[in-house]
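Protein chains in written order, with this note's numbering: chain A, 1 to 166; chain B, 1 to 167. The C-beta atom is built at its ideal place from N, Cα and C for all residues, glycine as well.
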Amino acid sequence: MVGRAQRGEPLAVDALVRELSDYVGRICGAVALDHGDDAMQETFIAVLRALPGLREPAALRGWVRRIAVREAVRVARRAERVVPLDPQDPAGPAARQAAPVPDLAAVVDVRDTLAALTPEHRAILVLRDLEGWTEQEVADELAIAPGTAKSRLSRARAAFVSRWAS
Amino acid sequence: MTGADPRSPWPVARLDPIARLRVVEAVLPGVAATEVVIDAPFDRVWGYVTDLERSVAQFDSLVRRVRIRSRAPVAGGGEAIDLQAWGTGSPLAMVFDVRLEEGLCLMRARGRLFFVGMAAVPDGARTRFRHAEGVPLPGGRLLRPVFRRTAHGDLTRIARTVAGPQR
């Protein structure tokens, strides 16, 4: 199917979109929230335009995920007026480390809480807590230093807990 | 709009049929599209256009007859249809592979000589409808203005047929 989609076969292109929709929809929905549908459309257009250059079809999902995260952050940044997290906020480093990390999968109303975070923080939460990646994998995926991934994840979780508890 | 998946508390984005058609079109050179809101409910519009043997020859000025050779359900929903279409002024039929599901119909001629896509979503009591057609090959790009006009003509005829009070 990937080979036929790379050659621009219309029904194979659509079949590939169907196959990847749940996966891309989870990433775009959690990162771009109300603009998730737009992010998903732009992700697929970017994926399909670049698809002929994909050398290794086995790497498709990882490649698509990288584009989905990038597009979702970009669309969310473009569409939202985000209030950045204040590094001096009361949930400082000590409080963050002490804060219990909730079982995110059990949280019922995640959307409102996610809406208070920046797209970059939502992206790191999605990769770490929804996709279950290690911090090293998250750092590689987002092309940031492991220390940056760790601190960004810590801030995102602390903000999540803070917003959730408020 | 991004919604909730009952299996997960995380927000999940979706592509509606029109967005799916836009995505497919985006990588098909030579395919042109038109989108309108038709003053008729989704069920009436979709019921009409997917009665392919009857409707296509009515709304598509390039087609005089359609015959379905086979249809079969597809895993994950929808149908795969094999049909023949005879163009106006041609004794030879083109064979199309069709993927049909609620709100989306993709038709690809064997040999990639032609592509037709139709998608619809409810818009209140009306229907947002997108129609795309063209030659999905690099050289087909030159014909896009032609197909934009024919797609617009097809949509005008569909809207005229289904709009207004139920007949």
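Integer-rounded CB distance, given that residue j should sit under 8 Å from residue i
i: Val37/B; j: Arg128/B; result: 5 Å
i: Val24/B; j: Gly153/B; result: That pair is no contact at about 21 Å.
i: Glu133/B; j: Ala151/B; result: 5 Å
i: Asp14/A; j: Arg99/B; result: 6 Å
i: Leu117/A; j: Ala79/A; result: Not a contact, Cβ separation roughly 15 Å.
i: Gly36/A; j: Ala13/B; result: 3 Å
Straight-line gap, residue i to residue j (C-alpha atoms, nearest Å)
i: Ile144/A; j: Glu71/A; result: 17 Å
i: Gly89/B; j: Tyr23/A; result: 46 Å
i: Asp86/A; j: Arg65/A; result: The predicted position of Asp86/A is uncertain, since its pLDDT is 47 and thus under 50; a value taken from the coordinates is nonetheless stated next. In a straight line, the C-alpha of Asp86/A is about 28 Å away from that of Arg65/A.
i: Gly147/A; j: Gly8/A; result: 41 Å
i: Leu200/A; j: Ser154/A; result: Residue 200/A is absent from the model: chain A starts at 1 and stops at 166.
i: Val49/B; j: Ser70/B; result: 18 Å
i: Val2/A; j: Ser61/B; result: 34 Å
i: Leu168/B; j: Arg141/B; result: In the structure displayed, chain B extends from 1 to 167; residue 168/B sits before or after that span and is not available.
i: Leu54/A; j: Leu60/A; result: 8 Å
i: Pro119/A; j: Glu56/A; result: 29 Å
i: Leu52/B; j: Thr34/B; result: 20 Å
i: Ala40/B; j: Arg108/B; result: 27 Å
i: Val83/A; j: Arg54/B; result: Low local confidence applies: a pLDDT of 46 at Val83/A is under 50, so the model's placement there is unreliable, with the coordinate-based value given in what follows. So the two alpha carbons sit approximately 56 Å from each other.
i: Val146/B; j: Leu106/B; result: 20 Å
i: Thr43/A; j: Pro138/B; result: 23 Å
i: Gly124/B; j: Pro91/B; result: 43 Å
i: Trp10/B; j: Val110/A; result: 6 Å
i: Val162/B; j: Phe160/A; result: 50 Å
i: Arg18/A; j: Arg65/B; result: 31 Å
i: Asp97/B; j: Ala80/B; result: 7 Å
i: Ala50/A; j: Asp34/A; result: 26 Å
i: Arg152/A; j: Leu28/B; result: 40 Å
Contacting residues, own chain, Cβ-Cβ under 6 Å from residue i (five flanking each side not counted)
i: Arg67/B; result: Gln84
i: Ala32/A; result: Ala39, Ala72, Val75, Ala76
i: Arg148/B; result: Ala32
i: Ala149/A; result: Glu135, Val138, Ala139
i: Val95/B; result: Gln84, Arg110
i: Asp82/B; result: Arg69, Ser70
i: Ala75/B; result: none
i: Arg4/A; result: Ala12
Contacting residues, own chain, Cβ-Cβ under 8 Å from residue i (five flanking each side not counted)
i: Val121/B; result: Asp16, Pro17, Ile18, Phe42, Gly103, Thr127, Arg128
i: Val63/B; result: Val56, Ala57, Ala85, Trp86, Gly87, Thr88
i: Val69/A; result: Ile27, Val31, Ala123, Val126, Leu127, Glu141, Leu142
heavy atom of the ligand FAD below 7 Å from residue i C-beta
i: Arg157/A; result: As far as ligands go, the structure on display features none, and thus does not contain the ligand FAD.
Residues sharing a beta bridge with residue i, DSSP
i: Ser70/B; result: Asp82/B
i: Gly117/B; result: Leu106/B, Ala132/B
i: Pro122/B; result: Thr127/B
i: Leu125/A; result: The partner list for Leu125/A (beta bridge, DSSP) is empty, contrary to what the question assumes.
i: Met94/B; result: Ala85/B
i: Val45/B; result: Beta-bridge pairing links Val45/B to no other residue.
i: Leu169/B; result: Nothing can be reported for residue 169/B: it is not among the residues displayed for chain B, which extend from 1 to 167.
Cβ-based neighbour list, residue i, same chain, cut-off 7 Å, excluding 5 preceding and 5 following
i: Val135/B; result: Gly30, Leu113, Phe114, Leu143
i: Arg122/A; result: Ala30, Val31, Leu114
i: Arg26/A; result: Leu130
i: Gly78/B; result: Arg99, Leu100, Glu101
i: Leu21/B; result: Leu104, Gly117, Ala119, Arg130, Ala132
i: Leu48/A; result: Val13
i: Gln88/A; result: Legend: pLDDT at Gln88/A = 46, less than 50; position of this residue unreliable, value from coordinates given subsequently. Nothing listed; no residue qualifies.
i: Ala46/A; result: Ile67, Glu71
i: Trp63/A; result: Leu54
i: Leu20/A; result: Val64
By the 7 Å beta-carbon criterion, what residues does the region 10-33 of chain B contribute toward chain A? Hits within the stretch, in order: Trp10, Pro11, Val12, Ala13, Arg14, Leu15, Ala19, Arg20, Arg22, Val23, Val24, Ala26, Val27, Leu28.
Relative to chain A, which residues along the region 62-94 of chain B have a C-beta separation below 8 Å, given in chain order? Gly76
Could you name the residues of the region 128-144 of chain B whose beta carbon sits closer than 7 Å to any beta carbon of chain A, in the order they occur along the chain? Pro136
Relative to chain B, which residues along the region 37-49 of chain A have a C-beta separation below 7 Å, given in chain order? Asp37, Ala39, Met40, Gln41, Phe44, Ile45, Leu48, Arg49
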